[in-house]
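J.: Below are the structure tokens for one structure; questions will follow.
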Amino acid sequence: MKRLTYRRRHPYNTKSNRVKVVRTPGDRHIYHYVKKRVKGRRCGVTGVTLHGKTSKRDKKVYRLNV
């Protein structure tokens, strides 16, 4: 497999720059960016995870509730 370059701006292997190698139908290898995992909704007092609440990013949760 060839060496690949990042498709976005900064070229460092950081938490926000996680990628997965994907093979295209044209037999090329490219990077797909992986989003960060979400911890889920937690109680403000006890810190226990809340059941029945979706664990999505804030923008996605906003769209679900509107």
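In this note's numbering, the protein residues as written are 1368 to 1433. Every residue, glycine too, gets a C-beta built ideally from N, C-alpha and C.
Could you tell me which uninterrupted beta strand (DSSP E) segments, each at least 3 residues in length, are contained entirely in the segment 1395-1424, listed from first to last along the chain?
T.: Entirely contained in the segment 1395-1424, the beta strand (DSSP E) runs reaching 3 residues are, in chain order, 1396-1400.
J.: Give me the Cα-Cα distance between residue 1396 and residue 1418, rounded to the nearest whole angstrom.
T.: Cα-Cα distance, rounded: 40 Å.
J.: Bridge partners of residue 1390, per DSSP?
T.: Residue 1390 is bridged to 1396.
J.: Rank 1378, 1423, 1371 and 1416 by C-alpha distance to the C-alpha of residue 1405 and give the top, closest one.
T.: That would be 1423, whose Cα lies nearest to the Cα of residue 1405.
J.: If we call anything under 8 Å between Cβ atoms a contact, is residue 1400 one with residue 1389?
T.: Against a cut-off of 8 Å, the Cβ pair of residue 1389 and residue 1400 comes out as no contact.
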